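Enquirer:
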Amino acid sequence: MQIDRRNMLAGMGAAALASQVPVRVAFGQDKTIRFLLTQDFTRVYTFVTAEYSQGQRDYISLINERGGIGGHKIVAEVSDHGNDLPRAIESYERAKAQGMVLVDPLSTPVARALVTRVLADKVNMITAFSGRSDAADGSVFPYIFPLSPNYWTQMGLLIDYFRQTDGNLKGKKICFVHIDTPFGKEPLPILEALRDKLGYELQTFPYTPPGNDQSAIWPQVRRARPDWVVFWGAGVGQTVALTEAIRNGIRMDRMSSSVWLSESDMDVVGREQAKGVLKIDPCVLGREAKPIQAILDTVVKPGKGAGPENKVGTVYYSYGVMITALILEGVRKAFEIAPNGPISGPWLNAGLHAIKDFTADGMIPATTITTADHQGGGKGRISRWDGGKFTPITDWYSANQDVVWAEVKKYSSEFAKTGK
Amino acid sequence: MDWLLLAELGINGIFVGLMYGLVALGIVLIYKTSGLANLAQGALAMTGAYAAWAISVPLGLPIWLAIPLALVAMFCFGAITERLALRRMIGQPVIMAIMLTLGIEIMLRGLLPGFAGAAVKRLDIGIPVTPLFVGDLLLNRATLIGGTVSFAMILLSLLLFNSRLGVVMRAVSDDQTASWAVGIRVERAIAISWGLAAASATVAGVIWGATQGVDWSLSLLLIKALAIAILGGLDSIPGVLIAGVIVGVAESVATGILDPLVGGGTRDIVASVIILLTLLLKPHGLFGREHIERI
Amino acid sequence: MRDQNAKQNDAMRSDGRILECRGIERSFGGLKALKSVDIHVDRGEIFGLVGPNGSGKTTMVNVVTGFYPPNAGSVQLFGQDITGMKPNRVARMGVARTFQNLALFRGMSVLDNILLGRHVHMKPGALPSLFYWLWGAREEIAHRRAAEDIIDFMQLQDIRDEPVEVIPMGLQKRVELARALVAEPRFLILDEPMAGMNQEEKEYIARFILDARDERNVSILLIEHHMDVVTAICDRIVVLSYGEIIAQGEPKAAIADPQVITAYLGERAAARVLQANGGAP
Amino acid sequence: MFYRRAGIRFTRYRDERQIWPLPLDRRLMLLVLLLALAAPYLLDRLYLVGYLLPWLIWATAALGLNLLMGTAGQVHLGYGAVIGMGAYGSVHLVRAGAPLELAMLAGGLISAAVGIVFGAAALRVKGLYLAMATLAMQYIVDFVISHVPFISGGSQATITVPPVRFLGIPIVGDAAVYYMALGVCIVVTLFMLNVRRTAFGRALAAVREKDYAAEVIGVDTFRFKLLAFWVSSFIGGVVGSVLAVCYLRSISPDQFHIELSIQLVAMVIVGGMGSVLGSFFGAALILFAPIVLNNLIGFMADSMDMQISTDLRAHVPLMLYGGLIVGFLLWEPLGLAKIYNNMRNYFLVWPFRHAQR
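Residue numbers (the working numbering), protein chains in the order written: chain A, 7 to 426; chain B, 5 to 299; chain C, 457 to 737; chain D, 8 to 364.
#1: If you scan the region 274 to 306 of chain A from start to end, which runs of the alpha helix (DSSP H) of 4 or more residues do you find wholly inside it?
#2: For A:C181, which three-state DSSP category applies?
#3: Since D:V195 contacts D:G71 with CB under 8 Å, what's their CB separation in whole angstroms?
#4: Kindly say whether C:G550, judged by its beta-carbon, lies nearer than 7 Å to any beta-carbon of chain D.
#5: Output needed for C:P641: all residues of its chain with C-beta closer than 8 Å, excluding positions within five of it in sequence on either side, in chain order.
#6: Are the Cβ atoms of C:T521 and C:V546 separated by less than 7 Å?
#7: Would you say C:S585 reaches chain G, if we count a Cβ-Cβ gap shorter than 7 Å as a contact?
#8: Answer yes or no: does any C-beta atom of chain D fall closer than 7 Å to that of C:M578?
#9: When you check each C-beta in the region 214 to 234 of chain B against every C-beta of chain A, which residues fall closer than 9 Å?
#10: For the structure I just gave you, are there three or more beta carbon pairs, one from the region 279 to 295 of chain B and one from the region 57 to 70 of chain B, closer than 8 Å?
#11: The alpha helix (DSSP H) that contains D:H99, what's its start and end?
#12: Only counting the same chain, and skipping five residues up and downstream in sequence, which positions put a Cβ closer than 7 Å to that of D:F173?
#13: Tell me which residues share the same chain as B:L164 and place their Cβ nearer than 6 Å to its Cβ, disregarding the 5 neighbours each side in the sequence.
#14: Got a sec, what are the start and stop residues for the alpha helix (DSSP H) B:M78 sits in?
#15: Any idea if D:D22 is buried or exposed, counting beta-carbon neighbours within 10 angstroms, 16 or more meaning buried?
#16: On the criterion of 16 or more Cβ atoms from any shown chain inside 10 Å, does A:P232 qualify as buried, or is it exposed?
#17: By DSSP, does C:V674 sit in helix, in strand, or in coil?
#18: Within this structure, are the beta carbons of C:G699 and C:K513 separated by less than 7 Å?
#19: In chain order, what residues of the region 214 to 228 of chain D put their CB closer than 9 Å to some CB of chain C?
#20: Thinking just about the alpha-carbon of each residue, which of B:I71, B:A247, B:G248 is nearest to the one in B:A203?
#21: So who's on the other strand from A:L108, going by DSSP bridges?
#22: Can you name the residues of chain B whose CB is closer than 7 Å to the CB of A:P225?
#23: Counting Cβ pairs, one atom from each stretch, are 3 or more of them under 8 Å apart for the region 149 to 159 of chain D and the region 244 to 264 of chain D?
#24: Can you find the residues in the same chain that come closer than 6 Å, C-beta to C-beta, to D:T18, ignoring five residues on each side of it along the sequence?
#25: To test your reading of the DSSP string, which unbroken alpha helix (DSSP H) runs of 4 or more residues are found completely within the region 576 to 632 of chain C?
#26: Please report the straight-line C-alpha distance between B:V303 and C:G479, rounded to a whole angstrom.
#27: Output the distance between the C-alpha atoms of A:K37 and B:G118, rounded to the nearest integer angstrom.
#28: Select from the region 112 to 141 of chain B all residues with a C-beta closer than 7 Å to any C-beta belonging to chain D, and list them in chain order.
#29: Sorted by chain position, which residues of the same chain lie with C-beta nearer than 6 Å to A:F396's C-beta, five sequence neighbours on each side aside?
#30: Would you call the region 70 to 87 of chain B and the region 199 to 214 of chain B touching, i.e. three or more CB-CB distances under 8 Å?
#31: When you check each C-beta in the region 328 to 345 of chain A against every C-beta of chain D, which residues fall closer than 8 Å?
#32: What is the DSSP secondary structure of C:G573, counted as helix, strand or coil?
#33: Going by DSSP, which residues form a beta bridge with A:M261?
#34: At 9 Å on the CB atoms, spell out the chain B contacts of A:A312, in chain order.
#35: Helix or strand or just coil, what does DSSP make of A:E413?
#36: According to DSSP, simplified to helix, strand and coil, what is D:S240?
Right, here's the structure in full:
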């Protein structure tokens with residue numbers, strides 16, 4: 007028995023070591039561009055990662071099916087970091103040793119912990135819908151790319167939509183219900199700055215993460231009789247917020263969230279009951295968009311899809327496609343600038359900075375990345391849940407960018423001053 | 005001060021507290037027989053909710069059938085867990101057994117979302133969502149029903165402890181060796197207490213799953229349940245009722261009064277502060293028995 | 457600190473009293489475990505505390521060593537009032553004790569258990585451990601010598617490195633006695649040191665107790681059930697029953713007291729014994 | 008065999024009380040030390056920064072916790088919070104311009120002060136109740152860290168560590184960072200080894216085993232419990248500053264949550280309570296098992312074309328992590344250190360198995 011157990015342990019150890027080897031072998035192949043998609047599948051961002059990652063991988067498969075870019079295949083290493091820093095850093099270092107040029111951690115804490123590393127290592131990091139909002143300032147964070155409207159911009163868009171709808175926000179009341187984490191508190195400076203400018207009344211309600219119990223919050227929101235409610239959370243916090251709002255009889259068409267709201271959330275809340283709720287779209291959702299159609303034809307139909315077919319075209323899937331399309335446009339540009347490489351972080355960096363008026367066949371608003379603006383213009387639109395899908399109710403627009411950029415500059419300059 | 009709001013929060017707190025109390029009930033049941041705190045109780049509630057969901061949605065059985073089936077399955081699961089894992093820890097330091105339950109908690113948190121999918125699942129047990137007004141007071145139907153069911157369950161377990169089985173379990177909780185000597189099957193009693201704990205966790209999981217959706221975050225009920233169990237006294241079932249209401253109201257009111265002052269979500273801290281204060285001021289809780297150590 | 461105490465004590469010990477307890481009362485809940493008990497131990501004597509189970513002997517010892525502060529009464533040790541003093545402070549005054557149901561530290565070797573007995577003479581802390589080579593080593597080795605002396609005295613040489621939990625009960629009792637003696641106490645309390653031993657082992661322990669008194673100048677309070685041992689080695693005894701003193705004095709006389717026989721055997725059996733002895737002890 | 012105990016006799020107490028009385032153990036340790044010193048020149052950066060560095064840091068933390076849990080027998084489910092306080096304290100000081108060596112000590116002292124508060128609970132309750140009390144305190148400290156802007160650093164709640172110097176040497180680059188962590192690890196390891204053979208360690212063990220018996224031989228259990236919390240928290244604080252400076256490089260409140268505490272407790276248990284070597288084993292297993300497993304599954308999915316759903320694949324490490332804790336508690340409660348000892352004992356007397364004990 008003693009010996010058996012020891013043998014078993016030894017066997018397990020050998021198997022584990024064996025698994026470490028092949029990754030080193032793969033290093034030898036050339037004509038590849040390596041991305042590291044280490045994301046949180048298990049802990050905090052479970053609600054988004056699976057679909058987001060599926061979109062990313064399907065789009066990469068699509069491009070690879072079409073022969074890659076510049077004769078190179080895209081190799082995406084997908085792994086789980088579970089929001090745990092040692093694991094994230096290990097997979098980062100491992101992938102870097104293999105020549106990885108881009109990492110997308112899709113996690114605010116991990117992105118923050120990697121900032122100093124990627125800046126030093128000259129590896130491009132995508133922080134779409136996560137990470138530091140001030141990373142939009144490309145002059146301070148040359149290797150960090152949000153590539154999407156950050157939370158400050160999203161809040162700016164929302165407030166502007168409220169203003170458009172009501173004509174004037176003077177004397178109106180906005181309730182901000184948010185998860186009590188840095189992510190949840192992030193829009194506060196913008197809300198306060200815009201309050202001073204537009205003259206609305208602001209009331210904030212923090213709830214403890216992850217927000218599975220908000221029963222004491224919403225009676226207060228109801229009593230505050232708000233004109234608009236913005237709820238800012240993720241995963242279970244979002245569905246609970248909506249359910250409690252419904253239970254408290256708050257009008258759905260006066261409620262809005264950030265980009266973090268999806269069909270599956272609506273399934274949990276109840277598709278009919280949630281009718282009317284608003285969210286922000288950074289890209290076209292659903293299956294109509296051309297890239298999604300192409301994926302359905304070339305990747306999903308032959309059975310090469312990375313996940314269940316019914317997830318194709320969902321909200322977070324679309325985000326994954328959108329971000330990957332932008333990244334690969336960067337790769338394309340990089341080949342235009344330097345066709346012979348060598349493929350490296352700075353090489354891709356130049357490409358990403360050259361993205362100009364890219365729309366991904368109409369899937370996203372025209373996006374231009376410059377050395378100063380890594381956000382890509384800050385355009386988005388508002389859409390409304392109609393019981394079956396999110397339908398856009400505005401055009402692409404951007405708003406309040408002056409306030410947002412003042413805030414960005416404030417934090418990025420502080421980082422530049424003390425962080426280095 | 006908005007008294008109406010306070011009243012609303014207070015009522016809400018009572019019912020939510022009872023719902024927490026149902027999770028705490030399992031901790032007390034297990035402590036009463038085997039003298040250890042089950043840190044997997046939150047995960048058991050999560051497992052129960054997943055079980056009810058799995059029977060009702062993928063298998064397509066009606067919910068009124070799914071819940072009893074889940075209860076039976078979870079009772080067996082609890083008893084088997086005790087048989088296969090906890091029983092082997094007899095004679096080990098208590099911290100080892102506690103860590104074992106923590107290990108089970110982590111494992112369950114991996115197993116269920118791993119096999120059933122990590123996304124939040126809807127568990128509809130037919131509670132209407134339309135608001136219910138009593139005068140100007142809004143009552144939350146989900147918590148109202150959940151709290152009432154929990155209250156009934158806790159009362160039921162009190163009755164159980166006066167039955168024949170209850171007498172056996174009380175004897176075991178009093179003195180394991182002595183019960184063993186008079187022919188009580190101590191192991192069986194402990195296994196039953198685990199089964200009952202898992203079953204009550206299932207009811208709690210279903211109720212909570214119906215109000216918030218089913219996902220891993222149900223396992224976070226643990227900390228509130230611990231606060232209630234410790235405040236009430238780890239071996240007292242009436243303590244669960246009273247402490248449940250206290251913790252629920254304290255949390256609810258803290259959210260209304262403290263949050264604006266601190267500018268943060270104080271809800272979770274309330275449970276922690278209650279645990280700490282109880283242990284420092286009255287370690288055996290409001291109704292717990294004090295053990296005298298013999299030298 | 458200790459030296460100062462010792463000097464003070466020497467000065468105050470003119471009457472030769474080691475321990476003087478007056479009017480000790482102690483109850484647990486509703487149960488009165490001790491009802492106004494007076495006992496004293498003289499210098500250099502082996503004092504026996506006997507009585508049936510549950511008569512309050514161990515409680516009395518726990519009162520003396522500071523575990524249960526008395527509800528009423530006073531405890532004087534070496535002429536100093538120690539009523540309500542914490543056990544570790546009492547130990548530092550030169551009191552060592554053993555326990556009825558063994559209190560050795562599992563997971564440690566016999567040697568380490570005995571070295572722990574030297575605790576009151578050492579200055580343990582984190583820094584001597586951090587700077588072991590500069591600071592801790594010398595102290596450790598000095599005390600090791602004292603421990604080895606006791607190991608020789610108690611004849612424990614060959615089990616020195618064994619973990620305490622694997623050695624037989626009789627030896628464990630001996631190790632506990634060694635741990636008490638290594639502290640160089642002036643007053644030793646032994647709570648049933650011979651419980652569960654056979655005749656040979658009992659004789660061994662009795663010899664150690666006498667040697668400890670004669671060679672090491674220790675006064676001893678002994679709780680024991682084996683009356684043969686009590687009568688053989690105690691100078692004076694007190695018999696407790698239900699928390700009250702029912703007899704005291706020279707051992708043979710005290711245990712022959714009718715009240716004592718009644719307490720041990722019950723009324724009817726006692727009557728029979730007394731009859732057999734011709735109505736008189 | 009080469010691994011012999013026969014024929015080794017000591018004539019001085021000092022020699023017998025050596026940390027490693029067997030020459031072979033000593034040589035082995037020397038070899039390990041030399042390898043550790045040469046690691047930056049031998050290993051690929053991936054292994055240095057991705058494996059060795061976190062291993063050293065987490066093992067040091069596990070040692071600190073082991074002093075409390077293994078040696079002194081006090082359960083502590085809030086060690087992550089203690090480490091966090093040390094990390095924040097020292098990073099703030101470094102940012103204010105204090106030299107790292109001072110900031111590290113100050114971080115240790117801050118943690119020790121917090122640790123004493125945790126310890127105060129230990130004076131009232133023990134065992135199960137102490138576990139609950141420390142758990143509650145973990146949450147409270149978490150809350151304080153993230154809700155006091157003065158500590159967490161404002162709305163972004165991330166503080167970057169500026170470049171630092173230790174005793175005048177700039178801590179820049181992988182090697183310097185590694186040696187720094189190695190140095191702290193060696194000091195703590197030696198301290199822990201010495202604790203076991205001095206009066207301090209014996210007194211703590213006495214408190215752990217039977218506190219009333221400890222009292223009666225003159226151990227002030229009150230004082231030694233607090234001292235254990237103090238020392239262990241001090242180590243935690245120092246580890247916290249090493250963690251922040253050498254590894255994380257920017258700290259935010261969620262890095263010191265309950266997960267870290269549980270991870271450390273798991274390391275102590277899996278490694279072996281009270282065992283110094285075990286802390287290293289435990290840290291390695293808990294830290295790397297999920298990583299290795301993740302790579303293993305990825306490899307299997309890629310090369311053998313196995314269809315594993317993302318959800319399942321992603322949750323396997325969590326199952327494994329829980330499974331390890333459960334498995335060790337059930338089958339080898341003394342942890343990996345015990346398995347190592349079994350093997351060592353086997354070779355010590357080989358081929359005379361009957362002489363094993």
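The beta-carbon is built from N, C-alpha and C at its ideal position, and this holds for glycine as well. Remember, it's a predicted structure, so these values are computed and weren't measured experimentally.
Expert: Checking against the coordinates, here is how it stands:
#1: Those alpha helix (DSSP H) runs which fall completely within the region 274 to 306 of chain A and span 4+ residues are 296 to 301.
#2: In this structure, A:C181 counts as strand in the three-state DSSP scheme.
#3: Indeed, because the Cβ distance is near 7 Å, the residues count as touching under 8 Å.
#4: Taking a beta-carbon distance threshold of 7 Å, C:G550 does not count as an interface residue toward chain D.
#5: G550, V551, A552, V674.
#6: Result yes, Cβ atoms of C:T521 and C:V546 sit closer than 7 Å.
#7: Protein chains in the displayed structure are A, B, C and D, and chain G is not among them.
#8: So, interface residue.
#9: For the region 214 to 234 of chain B, the set of residues with a beta-carbon nearer than 9 Å to any beta-carbon of chain A comprises T215, Q216, G217, V218, D219, W220, S221, L222, L224, L225, K228, in chain order.
#10: Judged by pairs of C-beta atoms under 8 Å, the region 279 to 295 of chain B does not touch the region 57 to 70 of chain B, as fewer than three such pairs exist.
#11: Here the alpha helix (DSSP H) through D:H99 covers 86 to 102.
#12: If you ignore the 5 residues before and after D:F173, its C-beta comes within less than 7 Å of the C-beta of L107, E108, M187, all in its own chain and listed in chain order.
#13: Correct list, in chain order: G170.
#14: Judged by DSSP secondary structure, B:M78 falls within the alpha helix (DSSP H) whose first and last residues are 67 to 88.
#15: So D:D22 counts as exposed.
#16: It is buried - the Cβ of A:P232 has at least 16 other Cβ atoms within 10 Å.
#17: Three-state DSSP puts C:V674 in coil, outside helix and strand.
#18: Note that the C-beta distance between C:G699 and C:K513 is not below 7 Å.
#19: Of all residues in the region 214 to 228 of chain D, those with a C-beta nearer than 9 Å to a C-beta of chain C are R215, E216, K217, Y219, A220, A221, E222, V223, I224, G225, V226, D227, T228, reading in chain order.
#20: Answer by Cα proximity: B:I71.
#21: DSSP output for A:L108 lists A:F41, A:N130 as bridge partner(s).
#22: Within 7 Å Cβ-Cβ: L9, E12, L13, N16, L142.
#23: Enough Cβ pairs lie closer than 8 Å, so yes.
#24: In its own chain, leaving out the 5 sequence neighbours on each side, no residue places its CB closer than 6 Å to the CB of D:T18.
#25: The qualifying runs are 582 to 586, 593 to 609.
#26: Outside the shown range of chain B, which is 5 to 299, sits residue 303 of chain B, and nothing can be said about it.
#27: Answer to the nearest angstrom: the Cα atoms are 35 Å apart.
#28: So the close ones are R113, G114, L115, P117, G118, F119, G121, A122.
#29: Only L291, S389 meet the Cβ criterion.
#30: For the pair of segments examined, the region 70 to 87 of chain B was found to touch the region 199 to 214 of chain B: the number of CB pairs separated by less than 8 Å reaches three.
#31: Residues of the region 328 to 345 of chain A with a Cβ closer than 8 Å to any Cβ of chain D: none.
#32: Under the three-state reduction of DSSP, C:G573 is assigned to helix.
#33: According to DSSP, which records beta bridges pairwise, A:M261 is partnered with A:V235.
#34: The contacting residues do not exist; A:A312 stays about 15 Å from chain B at best.
#35: Helix at A:E413.
#36: If DSSP states are grouped into helix, strand and coil, D:S240 belongs with the helices.
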